[in-house]
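Numbering (our numbering), first residue to last: 177 to 506.
Glycine included, each C-beta is placed from N, C-alpha and C at the ideal position.
Nothing here was measured: the structure is a model prediction, and the numbers come from that model.
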C-alpha cells in the first residue's frame, strides 16, 4: 500500500471510530509546512462547532503499518490522542485576536535562518548569529507537550503591538517558564534509560516497583547496573560533554540566548567551550579543544543526516564560546 493509499484508509477508519462517539464529525487531512520547510501529512478530527483540535502526524504511523500494525489499531490510537488532547487545550482560540488574553502564553525558540528563509518573510523574528529567534503561542497546559501556533506578522498587526514588545513579552515568559538546565551527558543518558525502565507516573504509590522484574533481575538490580555502566562511561569519557536545555526539554536550544548562562558555565570550568547544535531542543557543550573544528563539523553533519529529524535540525556547524570576549563566535 502506498503512503497516499494508507492516508485515505486511515482517514475513513478514524472517521468511523469517531462516529461511535459523536454524531456530527469529520476528519481533515492536510499537508503542513513545519520548521526547516519540512512538509508533513497530518490528520485532524473536528466535531460540530469545534475550532481548535490536535494535529496528528501520519508518517510514523505509516512506518508502523509497514511493520504489521493494523489500520484499526492506528485509527483507535489517533482517536485516543484527539480525545486526550482536546481535554488539555488551555487556550480559547476565540480570544486569539485579543493580545491581553494571549500575552502570557507567548514564548520564543531558535531555528535555522537559511532553512526557514521563506517562512521568515511572514514571521516576526530577530537574527541571532546565523539562526533566528521566532515566536509562538502555547496552547497546551502541560509543559511536556507542545501544542503551538507560530506567530505571524499579521497577528502582531492585529494585536496592535510592535515587534519589540512581542520580543519583551516572549523573553519574560520564556525565561520564567522554561529555566535552563545543564547536566553531564552521562547523567542525561542515565535518566533516559531509567525512565524507560520505570516512571514515577506509573509508581505513584511506590508499590509497582516491588513487583517488577526484568528476567532474573529486580528493578533495583537493574537500576544499580545502569548506575554502574554510567559510572564506567564517565570514567572512560575522552571529553567532558554537557547538555544544555530547558526544564521541559522542548525548544531548549534557545537557552544559549539566556543572559549569563554561557558566561557562568565558562567561569565555573575556567575554560572556553564549543557548542554543538544537536537540535532545536538542546545543545551540547564541550570543554576545551578536545577535537578539531573540522572533526566536530563533520560529526554534526553526520548526526543531522542520520539521527535528527529534519524538523529538529538547528545548524550544520559548531559554535565556540570565548570566555574573554564573553560571546559566541562561528
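Taking 8 Å as the threshold (C-beta atoms), are residue j and residue i in contact?
i: residue 536; j: residue 311; result: Residue 536 is absent from the structure shown; the chain starts at 177 and stops at 506.
i: residue 460; j: residue 418; result: yes
i: residue 457; j: residue 428; result: yes
i: residue 255; j: residue 183; result: no
i: residue 203; j: residue 219; result: yes
i: residue 230; j: residue 250; result: no
i: residue 480; j: residue 489; result: yes
i: residue 356; j: residue 286; result: no
i: residue 324; j: residue 314; result: yes
i: residue 235; j: residue 216; result: yes
i: residue 186; j: residue 237; result: yes
i: residue 342; j: residue 416; result: no
What whole-angstrom Cβ distance do residue i and residue j have, given they're in contact under 8 Å?
i: residue 212; j: residue 299; result: Actually they are not in contact, since the Cβ atoms of residue 212 and residue 299 sit about 14 Å apart, beyond 8 Å.
i: residue 448; j: residue 497; result: 6 Å
i: residue 279; j: residue 350; result: About 13 Å separates the two Cβ atoms, so there is no contact after all.
i: residue 190; j: residue 222; result: Rounded, the Cβ-Cβ distance is 11 Å, inconsistent with contact.
i: residue 228; j: residue 269; result: 5 Å
i: residue 214; j: residue 491; result: The Cβ separation is near 16 Å, so there is no contact.
If you count every other CB in all the chains shown that lies within 10 Å of the CB of residue i, and 16 or more means buried, which is it?
i: residue 432; result: buried
i: residue 506; result: exposed
i: residue 225; result: exposed
i: residue 178; result: exposed
i: residue 133; result: Lying outside 177 to 506, the shown extent of the chain, residue 133 is not represented and no answer is given.
i: residue 239; result: exposed
i: residue 180; result: exposed
i: residue 441; result: buried
i: residue 333; result: exposed
i: residue 380; result: At residue 380 the pLDDT is 44, less than 50, meaning the model places this residue with poor confidence; the figure from the coordinates comes in the next sentence. Exposed is the call here.
i: residue 382; result: Caution applies to residue 382, whose pLDDT of 43 falls short of 50 and renders its modelled position unreliable; the value that the coordinates give is listed next. Answer is exposed; the Cβ neighbour count stays below 16.
i: residue 259; result: exposed
i: residue 335; result: buried
i: residue 197; result: exposed
i: residue 422; result: buried
i: residue 233; result: exposed
i: residue 439; result: exposed
i: residue 281; result: buried
i: residue 503; result: exposed
i: residue 188; result: exposed
i: residue 483; result: exposed
i: residue 320; result: Summary for residue 320: the model assigns pLDDT 43, below 50, so the residue's position carries little reliability; its value from the coordinates is reported in the next sentence. With fewer than 16 other Cβ atoms within 10 Å, it is exposed.
i: residue 362; result: buried
i: residue 446; result: exposed
Would you list the residues sitting across from residue i in a DSSP beta bridge?
i: residue 354; result: Answer is none; residue 354 lacks a bridge partner.
i: residue 301; result: 310
i: residue 496; result: 450 and 505
i: residue 202; result: 222
i: residue 216; result: 208
i: residue 458; result: 455
i: residue 417; result: 462
i: residue 286; result: 309
i: residue 325; result: 313
i: residue 473; result: Paired residues: none, contrary to the question.
i: residue 422; result: 356
i: residue 250; result: Per DSSP, none; premise fails for residue 250.
i: residue 232; result: 219
Margin query: Assess contact between the stretch 463 to 483 and the stretch 296 to 312, defined as three or more Cβ pairs (one per stretch) separated by less than 8 Å. Is contact present?
Written below: no
Item checked: Cβ pair count under 8 Å reaching 3, the stretch 274 to 283 against the stretch 241 to 257 -> no
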